[in-house]
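Quick notes on the structure that follows.
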Amino acid sequence: MNAVNAENAVNAENADYAVTAESGGERSAPNAGHRTPKVITPFLWGSLEELANDPEFARWLEREFSDGASELNDPVARRKFLKLMGASLALMGVTGCRRPPQQKIVPYLDQPEFLVSGRPLFFATAMPFNGSATGLLVTSNEGRPTKVEGNSGHPLSLGATSVFEQASLLTLYDPDRSKTITHRGQIETWENLIAAWLTEQDQQLAQQGRTLRFVIDSMVSPTANWQIGELQKRYPAAKWYYWEPVSQDSVIESHQSLLGRRARPELQLSTADMIVAFDNDFLLDSPWRLAYTRAFVGRRNYQRTNFSNPNRLFVAEPTPTVTGSMADYRLPVAGALIGELVQLVAAKLGVSRTNVEIQDSEAAAWAEECANRLKASRGRSLITAGYRQPPAVHQWVHAINAWLGNVGKTVNYRAIYGPSFPPPLKGISELGQDLGSGQVDAVVILGGNPVFDAPADIELGKKLSRTRFTLHLSLFQDETSAVCQWHVPENHFLESWSDAVGSDGSTSIVQPLIAPLYSGYSRHQLLAVFQGQVSVQDYDLVREYWRSHAKWNDFEKQWRRALSDGVLPVNSADLIPVEGPAKIPESVSRINQPSQVIELSFHPDPAIWDGRFANNGWAQELPKPFTRVTWDNPALISPALAKELQIKSGDIVEIRTNSGKLEIPVWILPGQAKRTISLYLGGGRYRSGHLGNGVGFNVYPLRTAERPWLIPEVQVQKTHRFHQIVSTQFHHAMHEREPVQTRTYEEFVQQVVPPGQLTRKPEPDQTLYDFTKMLTAEHQWGMVINLNTCIGCNACILACQSENNIPVVGRDQVWHGRIMHWIRVDRYFEGEPDSPKLYHQPVPCMHCETAPCELVCPVEATNHSAEGLNQMIYNRCIGTRFCSNNCPYKVRRFNFLQFADTKTPSFQLGWNPEVTVRARGVMEKCSYCVQRIRTVQSDAEKANRKIQDGEIVPACAQVCPAEAITFGDIKDQGSLVTQLKASRLNYGLLAELNTRPRTTYLAKVAPEEKGKKVANQG
Amino acid sequence: MPETKLLEEEIVKSSNLPHLLVRPGETLESASAKISGIVLTGKHPPFWWVSFGIGFILLMGFLYGTIILFMIGVGIWGINIPVAWGFAIVNFVWWIGIGHAGTFISAILLLLAQKWRNSINRLAEAMTLFAVACAGMFPLLHLGRPWTFFWILPYPNTMGLWPQFRSPLVWDVFAVCTYFTVSLIFWYTGLIPDLATMRDRARTRFAKIGFGILSLGWRGSAIHWKHYQTVYLILAGLSTPLVLSVHSVVSADFAVAVLPGWHTTIFPPFFVAGAIYSGFAMVLNIMIPLRYVYRLESLITERHLNCMANVMLVTGLMVGYGYVMETFTSWYSGDIFEQYMVINRSIGPYGWVYWFLILVNIVIPQLLWIRKIRTNPVSLFFVALSINVGMWLERFVIIIVSLHRDFLPSSWGIFAPTGWDWLILFGSIGLFCSLVFLFVRFLPMIPIFEVKEIIVERQEEAA
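Next up, the structure:
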């Protein structure tokens, strides 16, 4: 456990930050640049010194800084001190001034097993998230997790991850994480917490826990559920709730009534020819998102000439989503109209006899086409609706699926794992009522942040603050911690033992990669305390659970196997067989007249989700799909509505609902349904940490338990105030440049390249200097990005950021146009602003064979390798930036300031040691993950073997759930990348400039023209 | 004092004789006394103190801006991706352009035997040096890591690394360094006879020793003059191609790139014409106030003003032709990127800059067709000022407007200068002004012996 020293070092270093939670409330200027020592205000030292006189604090200190804790810390501090000698930093309140090192740094006495210094180890674990879990394979460098990848053996990962798994790594190292137990904001000890609980416990035991409530943010851990079961025996009258703001209440409720069990549909996208999604972004916000994406794009893989039978996707949704962008026929429609639309489709199919009238001609045309297509693919089609829709819609969807014979073929129903607590919204409302009526004396909140994200009408914060005993376990001192009396820092999932069940029932052990960085506790430890066991370790609890429940013959062997595979040979959530035709549900009554009123819908943020990643720089700086907005969550409105209200992007509007009002800037988004406004959750956190506080706007106050997702009628008013929203792409159109080339399906089948695109290729030998002569190496690297399969989920951006130590620059710098991402995902709109076609295009460095950047560098800091890599030599770069000016793709990124945070000790732990951390004044860009190429090359050389095709995988390709990025040797005729480049769909971006890009694209086989070609294609 | 009265009368009369290079009444003695007197009397009009003061304050601002720049990085400016070059390069090209007039006047006009260069060449050359000094700093200031600037130079090092000779930035270093060196030598050589005059006329010990050392033992013997004229002619011959080459090389910084708006074959002549255009404008902007303040109207006459205005008119038309041809070529190329560049330049977010540039750089200078404007110092001053602003804007349009929207619409951006950008621009003007006024204070700003030559010639003609 060599990591221990490092972590303790961080403890010591970070003691400065202890209790740095800001006095919340007001919106501070959202200047969230890289951390400067400025944020560590001197009064914190003062308060610590005062506390040091307290004997309890002295004890705490003693335990915190045990012997040998500062070995690694001190050289860092010393270097930092030298750095801080710079006058500018000295002005900002130097934190590096500490005693010089007193102790020696000692090398390993015993070599840890498997560990070779400089070579990483990989551990399987799983990340519980949103009622599911993704299997991960985490890279560990000398005991520090540095990169999260998907576990290819895990059915919900298949080797891929989404932005949330990637971002979770930075949360681990977040210096703002809670580090100590507090009671009413004062530092407390574990012993005193226990003492306080024992007092409470006596009272609760006497009344069987009648006034005791538990709220937990996840039900996916079998060990925790076992502990909960034991606790329920101990306190039979206590009530338990499951709270998660992005909950699937309506899905669960409707299927409970249909099937008699808590279940949700599981889609078999690979066998579906025709898919209809009603307000369901199943490629991004479903727990199956990665598996669904893989299955879905498997039917979109227009790359080989023999590919046939692509699937068709029809989407009706209020705001553009990545799923909508993949649609062949996308209908922007208000969420409240979906119910009618589903019934219209049902009527046209003949599922029900009731006639449904719909005024919107576009919607009617869509439904007509949809029904025709569905009829043609009975048993091979699939209908799905999202959690924003009421239970009745789900019942209709089920009825149509049953009528079409899809149930059991393309749609299965998977039981929901976990104790049968009430659905989140219902549960939290009940808790609110109980609290309000004084029936509750003690509330224990394990994870989650309900004070911030529970429906506003419950007024949980106010009620909790009046409760006798409240305890909150969480990663951060957040909004809920501020209201609760006791706060217990939680261990990150990479720091603690647990287990987790995915939405499909796959079960994994959550294995820690590092000893806790701060003195946190796992929820298992806390649950054990409530059971009366004070000093139990999570490791023992998890093992005990599996030992007693798994009935393995050889426990140790199976256990080790489970840890190394990352998936257990058990399935914890069974499929529910459904037979017979479904009964026709009642018709959904029309809620409003959408042609006159404005509808409001809520969506989880594609980067910060429900707000939990608000303090995560990677997530905040990730440009959201379509808007490319970073560090903000503006209200999305349609161009038509903007015109009507006479507002432009950034204008602040006041949105009024029956329950409240909100002032928020707008962002005009083509493809947004005409009279709708969509809000992303999670903005406006006020106690998230230094980065997240005051970023964006808190939309939760508009959410009520009754209407958590759709508010059919809101009033919108202009305020004449303006808020600068920061986006990374201002231009919507392609301006005739066709960066995204498209083909019709006919053109694809007949292998025709549209004539205009052919002529844009340059003559082969138009060059003054023949650089290609230098491309002599055995391997020639190249990449193909398939625009047919890219769904635009952004995971590649964060994977690249994590792999390549790319700094976060902060809102202001993004506004200045200095975002550092090496790969960006461009988006384009084509067609009418109200219902455009949506395109994504990931753009990394093209590694041009005749790279314009190389020619103009005066010092040869960027040059070409014999393997065809356009490489940057950071040490040689003097920063003229001519290379960026001459790059037609503008993929080069410049360190205009010292962007890399080299000062925060915890971030230092998270860096990839294989990649240089760039200083200010140097240019950087995509390297095709050259460090990964070299690792494989040296391994192959040592083993005296050839490099296999697919052995080298850049971070962007590895993370991609759609496998849209293929990397390999273009000199090897058998490699996949060579085959893809031989496709007639293959084209080089701006190839007419004779740059000869090594990164090429497979043209998008365009979504069919509305209504026209669909009928011909059956 | 009848003599003085006579002189004044003659001056009044001669104002109707704008073709004269030296007004009647100037004698060998009076010319020497007038020019050397500015330096040697040690008394300076309030104008000098105020102008130098302003220049010096701006210079201090420049120093402050530079220190902050070195400490924090080029991120204090408004540059970004895609506009990675901003004010620093605009200023560089502008200053280097201004630095063209001196050598043009001194060398090319000397070879062309244009006598009207004689009174103005010293000031123009000094101005050239100072402008090139200002220009030369910007490529260093704009570096991300300025402390590594010498890596651009071909010097032997332990790693055996040379600069990348295909990069125009390397050519720039050679071109600008050569130009500065030759200009300096040329200017100093031209100064030597006058430094000797100053030494002889100096009254303080300090001035005597100082000018004595600087004049390198010049005694005015026939041999000295013979050597002097040979050297001066050789240097003029050397400088002449440099006038054309420097800005051609600078234009290659842009023409070599693939960027629409930069990738143009017209750039070298277009840049040279623009450089001479702005150089003459700057000479006039400096000379007209000095001429007035130091009562040098009899030595820098309307004839000089007129000649310089004519040069500006011609080069201005060349620049105008360049604008027309750029637009035409873009349209004629049939290339969507080139065509969009022209459209964006004229009606994009910076369209107003372009049209303002056309106004101040092309439309207003057409006033120079009018002789009265050319010979009136006040009107000429303002036209020259307009040209200087215009030429700065031209570089802004070429560099920033071309960069901000290039090939892929996804990477288009916008550039907004920060306070630091402006501080360093005006600071560099402060540096320039400070140097000019120090020059006026310590060295003869008009070549005494060359003016005397004209006086002698005239006397001989009269005789």
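Quick note, the sequences are listed as chains A and B, same order. Under numbering that gives the first Met the number 0, the first residue of the first sequence carries the number 0, and numbering increases by one thereafter. Under numbering that gives the first Met the number 0, the first residue of the second sequence carries the number 0, and numbering increases by one thereafter. Glycine included, every Cβ here is placed at the ideal spot set by N, Cα and C.
Residue pairing of Tyr520(A) in beta bridges, as defined by DSSP: Glu489(A). Of all alpha-carbon atoms in Gly830(A), Ala704(A), Arg983(A), the one lying nearest the alpha-carbon of Pro422(A) is that of Ala704(A).
In this structure, Gln231(A) is the residue among Gln231(A), Val219(A), Ile193(A), Glu190(A) with its C-alpha nearest to the C-alpha of Gly208(A). Counting along the chain, the unbroken alpha helix (DSSP H) around Leu463(A) starts and ends at 459-463. Under DSSP, Ala276(A) shares a beta bridge with Val314(A), Thr383(A). Along the segment 395-415 of chain B, the positions whose C-beta sits under 7 Å from a C-beta of chain A are Leu402, Asp405, Phe406, Leu407, Pro408, Ser409, Ser410, Trp411, Gly412, read in chain order. Put simply, the segment 525-533 of chain A does not touch the segment 559-575 of chain A. Fewer than three CB pairs are less than 8 Å apart. Around the Cβ of Pro106(A), a 10 Å sphere holds fewer than 16 other Cβ atoms; the residue is exposed. Listed along chain B is no residue with a C-beta nearer than 9 Å to that of Leu668(A); the closest approach is about 16 Å. Counting the other Cβ atoms within 10 Å of the Cβ of Asn156(B) gives fewer than 16, which makes it exposed.
When DSSP states are grouped into helix, strand and coil, Tyr873(A) belongs to the helix group.
DSSP lists Leu1001(A) as the bridge partner or partners of Asn985(A).
The Cβ of Thr879(A) sits closer than 9 Å to at least one Cβ of chain B. Chain order gives the chain B residues near Ala732(A) as Pro408, where near means a beta carbon separation below 8 Å. Chain B places a beta carbon closer than 9 Å to that of Cys856(A), counting this residue as a contact. For Pro145(B), the secondary structure class from DSSP, reduced to helix, strand or coil, is helix. Sixteen is the threshold: since fewer than 16 other Cβ atoms of the shown chains lie within 10 Å of the Cβ of Glu456(B), the residue is exposed.
Ser249(A) and Tyr386(A) have their C-alpha atoms roughly 6 Å apart.
Under the 8 Å Cβ criterion, the segment 334-354 of chain B does not count as touching the segment 304-318 of chain B, having fewer than three qualifying pairs.
By alpha-carbon distance to Ile80(B), the top candidate from Leu407(B), Gly333(B), Leu379(B), Glu337(B) is Leu407(B). For the segment 706-735 of chain A, the set of positions with a beta-carbon nearer than 7 Å to some beta-carbon of chain B reads Gln728, Phe729, His730, Ala732, Met733, His734, Glu735 in chain order.
In summary, the residues of the segment 918-931 of chain A whose CB is separated from some CB of chain B by less than 9 Å are Ala918, Arg919, Gly920, Val921, Met922, in the order they occur in the chain. Looking only at Gly659(A), Asn943(A), Ser376(A), the smallest Cα-Cα distance to Pro454(A) is reached by Gly659(A).
About 5 Å separates the Cβ atoms of Cys955(A) and Cys799(A), confirming a contact at the 8 Å cut-off. The beta carbon of Trp115(B) does not come within 9 Å of any beta carbon belonging to chain A, so the residue lies off that interface. Remark: three or more beta-carbon pairs, one from each stretch, lie closer than 8 Å, so the segment 135-152 of chain A and the segment 116-124 of chain A are flagged as touching. Counted as a single uninterrupted DSSP element, the beta strand (DSSP E) harbouring Asn411(A) occupies residues 410-414. Non-local C-beta neighbours of Ser436(A) in its own chain, meaning closer than 8 Å and more than five positions away in sequence, are absent. For Val442(A), the enclosing beta strand (DSSP E) starts and ends at 441-445. In terms of Cβ geometry, Pro221(A) and Tyr538(A) do not form a close pair [threshold 9 Å].
The CB of Ser883(A) comes closer than 8 Å to the CB of Ile80, Pro81, Ala83 in chain B, given here in chain order. Note on Phe414(B): 16 or more other CB atoms within 10 angstroms of its CB, so buried under the neighbour-count rule. Between Val921(A) and Tyr873(A), the CB-CB gap stays under 9 Å. Between Gln840(A) and Val824(A), the C-beta gap is smaller than 9 Å, which places the two residues in contact. Within the model, the alpha-carbon separation for Pro753(A) versus Glu745(A) is close to 11 Å. For Glu829(A), the enclosing beta strand (DSSP E) covers residues 823-829.
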